[in-house]
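Presented below is the structure to which this report refers.
There are 2 protein chains.
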Amino acid sequence: MKMRLILLFLVFFSPISFAKIPPRLFPSSFDDQLSSKGKLSYETNYFTQILDHFNYNNPQTFQQRYLLNDKYWGGSKNSAPIFVYTGNEGNIEWFTQNTGFMFEIARHFNALLVFIEHRFYGKSIPYGGDKTIAYSNKTTLGYLSSTQALADYATLIIDLKNNLTAINSPVVVFGGSYGGMLAAWFRLKYPHVTIGALASSAPILNFGNITSPYSFNNIITQDFKGESENCYKVIKGSWKQIEDMAKTKDGLEKLRKSFRICKNYISQGALENWLYTAFVYTAMTDYPTPSNFLNPLPAYPVKQMCKAIDDPKSGKDTFEKIYGAANIYYNYTGNATCFDLNDHSDPHGLAGWTWQACTEMVMPTDGNNKESIFPPSKWDYNERAQFCKSNFGVEPRPNWVTTEFGGYNIERVLKRFGSNIIFFNGLRDPWSGAGVLKDISKSIVAIVTKEGAHHVDLRWSSKEDPKWLKQVREREVNIISNWFSQYYQSLNEI
Amino acid sequence: MKMRLILLFLVFFSPISFAKIPPRLFPSSFDDQLSSKGKLSYETNYFTQILDHFNYNNPQTFQQRYLLNDKYWGGSKNSAPIFVYTGNEGNIEWFTQNTGFMFEIARHFNALLVFIEHRFYGKSIPYGGDKTIAYSNKTTLGYLSSTQALADYATLIIDLKNNLTAINSPVVVFGGSYGGMLAAWFRLKYPHVTIGALASSAPILNFGNITSPYSFNNIITQDFKGESENCYKVIKGSWKQIEDMAKTKDGLEKLRKSFRICKNYISQGALENWLYTAFVYTAMTDYPTPSNFLNPLPAYPVKQMCKAIDDPKSGKDTFEKIYGAANIYYNYTGNATCFDLNDHSDPHGLAGWTWQACTEMVMPTDGNNKESIFPPSKWDYNERAQFCKSNFGVEPRPNWVTTEFGGYNIERVLKRFGSNIIFFNGLRDPWSGAGVLKDISKSIVAIVTKEGAHHVDLRWSSKEDPKWLKQVREREVNIISNWFSQYYQSLNEI
Numbered sequence: 001m002k003m004r005l006i007l008l009f010l011v012f013f014s015p016i017s018f019a020k021i022p023p024r025l026f027p028s029s030f031d032d033q034l035s036s037k038g039k040l041s042y043e044t045n046y047f048t049q050i051l052d053h054f055n056y057n058n059p060q061t062f063q064q065r066y067l068l069n070d071k072y073w074g075g076s077k078n079s080a081p082i083f084v085y086t087g088n089e090g091n092i093e094w095f096t097q098n099t100g101f102m103f104e105i106a107r108h109f110n111a112l113l114v115f116i117e118h119r120f121y122g123k124s125i126p127y128g129g130d131k132t133i134a135y136s137n138k139t140t141l142g143y144l145s146s147t148q149a150l151a152d153y154a155t156l157i158i159d160l161k162n163n164l165t166a167i168n169s170p171v172v173v174f175g176g177s178y179g180g181m182l183a184a185w186f187r188l189k190y191p192h193v194t195i196g197a198l199a200s201s202a203p204i205l206n207f208g209n210i211t212s213p214y215s216f217n218n219i220i221t222q223d224f225k226g227e228s229e230n231c232y233k234v235i236k237g238s239w240k241q242i243e244d245m246a247k248t249k250d251g252l253e254k255l256r257k258s259f260r261i262c263k264n265y266i267s268q269g270a271l272e273n274w275l276y277t278a279f280v281y282t283a284m285t286d287y288p289t290p291s292n293f294l295n296p297l298p299a300y301p302v303k304q305m306c307k308a309i310d311d312p313k314s315g316k317d318t319f320e321k322i323y324g325a326a327n328i329y330y331n332y333t334g335n336a337t338c339f340d341l342n343d344h345s346d347p348h349g350l351a352g353w354t355w356q357a358c359t360e361m362v363m364p365t366d367g368n369n370k371e372s373i374f375p376p377s378k379w380d381y382n383e384r385a386q387f388c389k390s391n392f393g394v395e396p397r398p399n400w401v402t403t404e405f406g407g408y409n410i411e412r413v414l415k416r417f418g419s420n421i422i423f424f425n426g427l428r429d430p431w432s433g434a435g436v437l438k439d440i441s442k443s444i445v446a447i448v449t450k451e452g453a454h455h456v457d458l459r460w461s462s463k464e465d466p467k468w469l470k471q472v473r474e475r476e477v478n479i480i481s482n483w484f485s486q487y488y489q490s491l492n493e494i
Numbered sequence: 001m002k003m004r005l006i007l008l009f010l011v012f013f014s015p016i017s018f019a020k021i022p023p024r025l026f027p028s029s030f031d032d033q034l035s036s037k038g039k040l041s042y043e044t045n046y047f048t049q050i051l052d053h054f055n056y057n058n059p060q061t062f063q064q065r066y067l068l069n070d071k072y073w074g075g076s077k078n079s080a081p082i083f084v085y086t087g088n089e090g091n092i093e094w095f096t097q098n099t100g101f102m103f104e105i106a107r108h109f110n111a112l113l114v115f116i117e118h119r120f121y122g123k124s125i126p127y128g129g130d131k132t133i134a135y136s137n138k139t140t141l142g143y144l145s146s147t148q149a150l151a152d153y154a155t156l157i158i159d160l161k162n163n164l165t166a167i168n169s170p171v172v173v174f175g176g177s178y179g180g181m182l183a184a185w186f187r188l189k190y191p192h193v194t195i196g197a198l199a200s201s202a203p204i205l206n207f208g209n210i211t212s213p214y215s216f217n218n219i220i221t222q223d224f225k226g227e228s229e230n231c232y233k234v235i236k237g238s239w240k241q242i243e244d245m246a247k248t249k250d251g252l253e254k255l256r257k258s259f260r261i262c263k264n265y266i267s268q269g270a271l272e273n274w275l276y277t278a279f280v281y282t283a284m285t286d287y288p289t290p291s292n293f294l295n296p297l298p299a300y301p302v303k304q305m306c307k308a309i310d311d312p313k314s315g316k317d318t319f320e321k322i323y324g325a326a327n328i329y330y331n332y333t334g335n336a337t338c339f340d341l342n343d344h345s346d347p348h349g350l351a352g353w354t355w356q357a358c359t360e361m362v363m364p365t366d367g368n369n370k371e372s373i374f375p376p377s378k379w380d381y382n383e384r385a386q387f388c389k390s391n392f393g394v395e396p397r398p399n400w401v402t403t404e405f406g407g408y409n410i411e412r413v414l415k416r417f418g419s420n421i422i423f424f425n426g427l428r429d430p431w432s433g434a435g436v437l438k439d440i441s442k443s444i445v446a447i448v449t450k451e452g453a454h455h456v457d458l459r460w461s462s463k464e465d466p467k468w469l470k471q472v473r474e475r476e477v478n479i480i481s482n483w484f485s486q487y488y489q490s491l492n493e494i
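Protein sequence lines, in the order shown, are assigned to chains D and F.
At position 160 of the first sequence (counting the first as 1) the number is 160 in full-length UniProt numbering, and the numbers step up by one without a gap.
At position 55 of the second sequence (counting the first as 1) the number is 55 in full-length UniProt numbering, and the numbers step up by one without a gap.
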């Protein structure tokens with residue numbers, strides 16, 4: 001069996017197969033532990049943005065959405081700070097709702113909150129907001145890139161500051177995951193627009209051969225193995241059993257029933273994807289408190305999955321055990337009656353990532369060595385290239401990100417260049433292997449915790465948060481405070 | 001009278017009017033003082049470059065020229081350095097021939113020399129090298145921009161280092177004028193590709209309202225006034241006399257004869273441009289030794305011009321005096337019989353600058369206050385915009401350069417960000433007013449000399465060079481040496 005799924009932060013590459021669960025809408029479905037407690041509020045604005053910053057042959061513009069909260073802002077007269085979230089590959093409201101940290105520290109800093117949506121996502125769709133046109137072919141999609149997005153952020157922030165006559169208000173950028181990569185790159189490329197960046201779980205080193213393509217799945221393996229050796233073995237052994245069982249029609253029907261797959265569609269590949277998705281995203285969102293980022297999940301969901309697998313009640317039936325684990329991810333609320341493998345809905349509007357992965361975001365993640373919890377496989381650039389060719393008629397540029405943003409020898413390069421970046425990584429996060437895990441200089445620092453999953457620090461806080469998480473946030477607040485002290489001092493000096 | 005000429009480093013904006021002098025070709029016409037003394041040698045190479053780095057809808061490539069000299073190189077095994085000239089708005093051979101400094105210090109540093117031609121100039125023309133197509137309209141010209149050029153340099157340098165297996169060879173970039181702006185920006189944007197930049201006479205602050213639009217002509221005024229008050233007064237007074245004289249046909253014919261203009265064409269505007277050109281470029285190239293950058297010129301040509309004006313032999317005839325000054329610039333060799341105001345030849349291939357000035361390079365320079373040596377005028381953005389609209393059908397983006405590269409509050413922004421940039425400026429250079437004239441940090445330093453014109457430090461050295469110029473070069477060599485020490489040390493450490 002060969003499992004070749006290209007994992008891209010929040011969305012599978014192809015095929016996209018989400019299970020059918022009751023439609024979720026933020027913030028109504030927030031559960032208590034991560035609720036906004038009334039703090040989540042923003043107004044929606046649109047900015048007329050240039051479609052192509054780097055060529056001049058195209059006067060087209062589009063409406064870029066950004067969310068604003070000035071409840072805590074100290075105002076332009078006080079040169080009070082501006083916190084900007086550099087939006088990632090989806091609806092900005094979704095990321096805003098899941099970035100409670102910014103709301104929670106805004107009062108302390110008297111900060112204006114701005115969440116900017118990434119072009120081609122959410123409601124920030126070029127071509128008059130018509131997604132059908134914008135996503136129709138490589139010519140229209142050609143304007144979807146990280147460099148254009150960063151130039152968007154610079155343009156919008158400068159314009160906003162001018163409009164608010166807040167020229168001297170320092171800007172700090174925040175982001176998680178791809179948004180964290182953008183935040184870090186934004187500080188590096190636009191130091192005249194932002195004084196510092198908090199880049200949470202930003203795998204900026206997952207390009208070229210900087211990071212091993214086995215790193216991602218090694219960490220997932222370790223997450224499960226660390227909970228229970230048996231859990232790891234059961235999952236690892238299940239793939240062969242599924243493969244064998246799927247060889248006959250009757251076997252496939254048995255699999256369908258075991259995993260409560262709806263009657264409309266099943267295939268071996270789709271089932272494997274469905275399970276792979278569950279394991280990967282559970283590892284990514286292995287938070288210490290209940291969450292509802294992708295699906296509603298209990299605290300420490302990896303532990304819960306392994307508990308289901310290790311449960312003596314499930315006997316020796318591997319499928320039943322694996323189903324129990326998958327059920328944690330797909331059906332924690334218990335509302336699902338069956339799972340639709342043919343459901344390609346995209347509630348958070350993440351589809352554009354496939355294009356980005358076919359152009360610049362070539363992030364080798366799907367290597368699996370012998371010990372992997374998933375079947376052995378190698379990262380194969382040519383497969384990606386073929387997919388992209390047939391899907392979009394484009395050839396990826398696997399060296400572009402390291403050309404434009406660097407990454408090789410980052411410690412040497414940034415040791416005496418740049419300043420004011422925090423790289424946070426929790427080592428349970430599969431992406432952490434491609435993050436910056438060591439301090440580079442006095443002010444380009446790595447905060448690393450043994451615990452912690454994908455941008456856990458940016459979540460709404462909770463009474464139940466463990467001590468290490470509280471310490472991470474405290475440290476982040478302290479560092480940002482120092483940036484401001486330095487900034488306001490230099491404002492007086494120069 | 002209104003003199004509205006938009007000055008762009010080396011070429012007038014419109015109309016372009018160079019005088020007819022015998023065709024000049026480098027290096028054959030080098031005079032002794034700036035000759036290459038046999039050191040000038042290079043081989044010509046071409047690199048297949050991506051036309052559009054920032055969009056993915058265009059797979060087109062073009063052949064980018066670069067010149068190479070490995071005579072002094074210590075080789076990849078020794079991680080010996082690479083010196084790269086970031087080409088400006090013209091034929092790269094011309095800039096190479098006028099950047100003797102790099103050849104002269106290459107032996108000391110065992111450096112490989114690379115001179116990269118800027119896209120759309122010289123032989124680096126997209127669309128199969130066909131300038132007629134490349135320059136035909138805004139769609140094809142759209143790919144001519146500084147951001148694309150910087151990405152070209154990054155891509156080419158990385159590829160070259162890979163091909164030479166010289167991954168650890170540190171790269172230092174050099175550039176003068178627009179090339180100096182590119183060098184500085186390249187260090188800021190691509191610190192992973194270059195460890196430092198020597199940005200000579202780089203007016204990176206001539207954007208938005210960072211620098212006064214009067215600065216440029218104020219410096220020219222000072223250059224001439226500093227030589228002789230009478231010289232300044234005669235030039236300043238001449239414009240009104242020309243204007244008055246040009247009102248009649250007979251008067252225009254008298255002007256034609258006074259200035260030895262060829263019979264084929266004269267107009268008041270063209271004559272004024274012709275004189276303005278002479279004063280501006282003489283000030284820019286007011287070098288302490290004879291030069292042949294734009295035209296063959298004696299040492300200290302401003303002084304020579306004023307000598308001609310102050311010469312009692314020329315009596316009281318203002319036109320004769322001004323002609324004597326212009327003759328220094330246009331006819332130092334004495335070969336010209338008449339000057340053709342209708343000559344639009346472009347020996348150094350600078351025409352693309354008009355496009356750049358109509359898109360991103362909106363550099364306000366043509367303000368003239370009451371004291372100016374030129375007639376009073378204001379910088380008027382709308383005039384530029386109208387010209388660009390009618391000429392190319394584009395609207396400039398006057399805020400783009402400060403959005404993309406910064407400039408406002410540069411001292412505050414770079415005080416704790418970035419490193420290893422030398423900004424050289426000679427204060428006789430009209431562009432120096434928009435240069436970085438103060439140290440920003442320990443390693444972002446300004447070398448400023450009271451004497452010295454446009455990128456004088458990059459010229460071939462001469463026995464006749466004044467002490468201050470030798471000291472500038474020594475200091476530059478020392479600073480670059482320190483970059484290497486630091487780099488090689490960190491190579492061992494990390």
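A virtual CB, placed ideally from N, CA and C, is assigned to each residue, including glycine.
Delimiting residues of the beta strand (DSSP E) encompassing residue i
i	result
Ile-66 (chain D)	The sequence given here places Tyr at residue 66 (chain D); Ile does not occur at that position. Here the beta strand (DSSP E) through Tyr-66 (chain D) covers 61 to 69.
Val-448 (chain F)	444 to 449
Phe-115 (chain F)	112 to 116
Glu-43 (chain D)	43 to 50
Proximal residues of chain F, C-beta to C-beta of residue i below 7 Å
i	result
Ile-480 (chain D)	Within chain F, no residue comes near Ile-480 (chain D); the closest Cβ sits about 15 Å away, beyond 7 Å.
Thr-403 (chain D)	Ala-154, Thr-155 and Ile-158
Tyr-488 (chain D)	Under the 7 Å cutoff, chain F gives no residues; its nearest Cβ is about 11 Å from Tyr-488 (chain D).
Proximal residues to residue i (C-beta, below 8 Å), its chain only, five neighbours per side dropped
i	result
Ala-283 (chain D)	Ile-219, Ile-220, Asp-223, Phe-224, Val-302, Arg-428, Asp-429, Pro-430 and Ala-453
Glu-464 (chain F)	Gln-33, Pro-288, Thr-289 and Ala-299
Proximal chain F residues relative to residue i, where beta-carbon distance stays under 9 Å
i	result
Pro-298 (chain D)	By Cβ distance, chain F contributes nothing, its closest Cβ being about 41 Å from Pro-298 (chain D), past 9 Å.
Where residue i sits in the DSSP three-state scheme
i	result
Pro-398 (chain D)	coil
Phe-224 (chain F)	helix
Val-362 (chain F)	coil
Thr-282 (chain D)	helix
Gln-33 (chain D)	At Gln-33 (chain D) the pLDDT is 37, less than 50, meaning the model places this residue with poor confidence and gives no usable figure here.
Ala-202 (chain F)	coil
Thr-289 (chain D)	coil
Val-477 (chain D)	helix
Cut-off 6 Å between Cβ atoms - residues of its own chain near residue i, not counting five sequence neighbours on either side
i	result
Lys-438 (chain F)	Ala-446
Ser-372 (chain F)	Asn-217 and Thr-221
Tyr-488 (chain D)	none
Chain D contact residues for residue i, given Cβ-Cβ distances below 8 Å
i	result
Arg-473 (chain F)	By Cβ distance, chain D contributes nothing, its closest Cβ being about 24 Å from Arg-473 (chain F), past 8 Å.
Interface residues of chain D facing residue i [CB-CB closer than 7 Å]
i	result
Val-445 (chain F)	Per Cβ cutoff of 7 Å: no residues; Val-445 (chain F) is ~14 Å from chain D at best.
Gln-148 (chain F)	Phe-54
Interface partners of residue i on chain F, CB under 8 Å
i	result
Ala-151 (chain D)	Thr-403 and Glu-404
N- and C-terminal bounds of the alpha helix (DSSP H) containing residue i
i	result
Val-84 (chain D)	That residue, Val-84 (chain D), is in no alpha helix (DSSP H); its beta strand (DSSP E) goes 82 to 86.
Gly-334 (chain D)	Gly-334 (chain D) -> no alpha helix (DSSP H), and no H or E assigned at all.
residue 509 (chain F)	This structure cannot speak to residue 509 (chain F), because chain F is shown only from 1 to 494.
Close beta carbons around residue i, own chain, < 7 Å, minus the five adjacent residues each side
i	result
Lys-370 (chain D)	Pro-376
**Study point:** Segments of 3+ residues assigned as beta strand (DSSP E) that fall wholly inside the region 110 to 165 of chain F
**Key:** Counting only runs of 3 or more, we get 112 to 116.
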